[in-house]
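Asker: Residue numbers for the sequence shown follow my numbering, beginning at 120 and rising by one.
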Amino acid sequence: MSPLGSYVEWQLAQASTPRSVLVELVRHAVGARIDRLDRIVEGYSNEVYRVRCVDNQDVVVRILRFDDVTTPARSAGEARAIETARAVGVPVPEILLLETVQMDGSEFPVMVQRTVPGRPLGDVVDRLSMRQRHGVLVEIGGLIARMNAVAVHDGPDWPTVMGTELARRYEDGDKILAAGFTVPEFDRMLDLVDGYVRAFPCEQWVLCHGDLSPKHIFVTGDGTDGATVRVSGIIDFGDWLPGAPVHDLAVLRVRDPRLDLPPLLAGYAAPTDETYRRRLDLHTLIIALGSLAIGVTEGDRACIERIGHLIRTLITERLS
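(1) Let me check understanding here. Comparing Cα to Cα, which of L360, P212, R437 lies closest to G329?
(2) Rounded to whole angstroms, what is the Cα-Cα separation between V325 and R437?
(3) Near L123, which residues of its chain fall below 7 Å by C-beta distance, leaving aside the five closest residues on each side in sequence?
(4) Looking only at its chain, what residues have a beta carbon closer than 7 Å to the beta carbon of G260, apart from the 5 residues adjacent to it on each side?
(5) Among the residues of its own chain, which have a CB less than 6 Å from the CB of L450, if the five just before and after it don't count?
(6) What number of angstroms, rounded off, separates the C-alpha of M308 from the C-alpha of L404?
(7) What are the start and end residues of each continuous alpha helix (DSSP H) run of 4 or more residues lying completely inside the stretch 227-296, in chain order?
(8) Could you name each continuous beta strand (DSSP E) segment of 3 residues or more that falls completely within the stretch 163-231, going from the start of the chain to the end?
(9) CA-CA distance, S121 and G345?
(10) Could you check how far apart the C-beta atoms of Y168 and D157 are, in whole angstroms? I think they sit under 8 Å.
(11) Are there any heavy atoms of the ligand HEM lying less than 6 Å away from the beta-carbon of A385, as far as the coordinates show?
(12) Assign S410 to one of three DSSP states: helix, strand, or coil.
(13) Quick check on the DSSP output: the alpha helix (DSSP H) that includes L144 runs from which residue to which?
(14) Helix, strand or coil, according to DSSP, for L326 in the structure here?
(15) Among the candidates K294, V173, L399, whose CA atom is the shortest distance from the CA of L368?
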């Protein structure tokens, strides 16, 4: 993780991969020379470049450099998650190359992908009509359901995973208070989360994207022509995990509370009973508390305001 402020600012201050290395990676992946090279600074764990080749191929180069774990096994695990999602009908990037490069005395995994068409949902969602918005959210819910239908048998059990999550939330107490919550409010949140762990055990892990957000969901249009907007790709499986079936829905809800929940749930074919909704709300609370702590650490006022409002809505209206 970065020395704090902004993670993006920290990443920009790091040494970048030499162009000669990128040229060789792209040549190996697609057999073409680079025409244009643009760095994407929101890669978080990865140093990311969008590349236009001289033969008009568009690819993305992702170098796993900025994380606690930068092993080939982690990159290979992401590749398997991508291919598993593809196998169940989720539009994901084509992987063109998976290998390692040597830089500064260290070995880093590299993944070169075909660029997915379209634009991030976050760039266009406010311009969509109600019909377009509803339709694409139903489609997203269905795609999440496809991923979550894949059972994953690896990983620790529910009590172990959630025990770690609870410990982290306790450790984040000062940050939650710094975001404007009171000690009694924080104590209530912890009581709710503790009750969730005991009352809603997950018996079977499923494939989860792990960081589903409007910037990782690409769509075919911006809504201006009135045409139906479709999902053209879901990118960045770097945080994939064996998770609970409500995990991706909860993460997406936290990443952008503007997205209407009913069409997502309809597309997912989620149960309509209050027990399921409470499970989802409680899991959303866990994700939101972690995201709020990160926002406080990075001094991200917009994040603090957005997620703080979501948490207050959850604990006062949904989980009261």
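Where a beta carbon is used, it is the ideal one built from N, C-alpha and C, also for glycine.
Computed from a predicted model, the values in this text were never measured in an experiment.
Answerer: Looking at the coordinates:
(1) L360
(2) 26 Å
(3) Because the pLDDT at L123 is just 46, under 50, the model does not fix this residue reliably, and the point stays unresolved.
(4) P382, L383, L384, A385, G386, Y387
(5) Outside the modelled stretch of the chain, which goes from 120 to 439, sits residue 450, for which no answer is possible.
(6) 8 Å
(7) Listed in chain order, they are 240-243, 249-267, 277-290.
(8) 165-172, 177-183, 214-222
(9) In this prediction, S121 has a pLDDT of 42, which is less than 50 and means its spatial position is unreliable; what the coordinates show is noted afterwards. Between S121 and G345, the C-alpha separation is close to 43 Å.
(10) 7 Å
(11) The ligand HEM is not part of this structure, which contains no ligands at all.
(12) helix
(13) Annotation: the continuous alpha helix (DSSP H) that includes L144 extends over 138-149.
(14) strand
(15) L399
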